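Going by the working numbering, the first residue of the sequence shown is number 158, and it counts up by one from there.
Glycine is no exception: its CB is placed at the ideal position from the N, C-alpha and C atoms.
These numbers come from a predicted model, not from an experiment.
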Amino acid sequence: MKPFDEVGVFTGKKRAGRFGSTYRQMGSFKGVVALTEQKNDDIGINTNDLLVPKNLIVRLYILRAYRLTPMDRDGTCDPYLKIEIGKTKISTRKNRFRNTLEPEFYESFEIPVTIPGDGKMTIGVWDWDGLGDDLVGTTQLDIEDRWFTDAWKAFKLKPLERRTLHNPSSSFAQGKLEMWVEILTPNDAKRAPMINIK
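Following this line, the structure appears as structure tokens:
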């Protein structure tokens, strides 16, 4: 379902002495690489669409979280959401839940994006601590991959997803987030109001 290849771009030395490699990822290359017999052979994506920026509306519906990792001494956490895509940053910190590992968020967001460009959306669940909140975990969505995948666009109703939350300080899952995503043109968004999930 991924129309693009994504390859990490690294810097550093392969052999840096007794501490091993000092490679670190500086970014990534995302694009279409195709070998064809003829110049005009179909590669599965309209490359003209990639060259012209397109304004879209992302609708994000977050229902609930399951089995969050406890972050507080009492074996619970005080979860809230942070969403980031491009220059847009959204937080539900003021509406945090108290003492739960399975919050019923029922939050919806409508976010304008431009692709190519605002390709990756990060959804984080955080634990409120007053000062110095703790990251429970994040999941990342590739909006460009979804928009340019015909199979995903063909779904009349977008699928409900249970996405695993990850934390860079642990190799274990930090819980699950139940949600779905719609991506619409601005005209389609005007014709179809958001679904009220409250």
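Secondary structure within the segment 235-262: the beta strand (DSSP E) runs of 3 or more consecutive residues, fully enclosed, are 236-242 and 245-248 (chain order). The Cβ-Cβ distance between glycine 169 and threonine 179 falls below 8 Å. Contact annotation: isoleucine 219 and leucine 341 have beta-carbon atoms that are not nearer than 8 Å. Our two residues, tryptophan 283 and proline 343, have alpha carbons roughly 31 Å apart in a direct line. Per the coordinates, the alpha-carbon of isoleucine 240 lies some 23 Å from the alpha-carbon of glutamine 182.
Here the C-alpha atom of lysine 310 lies approximately 22 Å from the C-alpha atom of asparagine 353. In this structure the segment 220-228 touches the segment 323-333; the number of beta carbon pairs closer than 8 Å is three or more. Here arginine 303 is buried: its Cβ has 16 or more other Cβ atoms, across all protein chains shown, within 10 Å. With at least 16 other beta carbons inside 10 angstroms of its own, phenylalanine 254 counts as buried. Under the criterion of beta carbons closer than 8 Å, proline 273 and proline 210 qualify as touching, at roughly 7 Å. By the Cβ-count criterion, valine 190 is exposed, with fewer than 16 other Cβ atoms from all chains shown falling within 10 Å of its own Cβ. CA-to-CA, the gap between leucine 288 and proline 260 works out to about 21 Å. When DSSP states are grouped into helix, strand and coil, tryptophan 283 belongs to the strand group. The Cβ atoms of arginine 216 and glutamate 318 do not sit closer than 8 Å to each other. By DSSP's assignment, isoleucine 340 forms a beta bridge with Val215.
Nearest to glutamine 297 by alpha-carbon distance, out of Ala308, Gly281, Asp290 and Asp291, is Gly281.
If you draw a 10 Å sphere on the C-beta of tyrosine 263, you find fewer than 16 other C-beta atoms in it, and that means exposed. Between leucine 258 and threonine 233, the gap from beta carbon to beta carbon is short of 8 Å. If only complete runs of 4 or more residues are kept, the segment 270-314 shows the alpha helix (DSSP H) at 300-304 and 307-311, in order along the chain.
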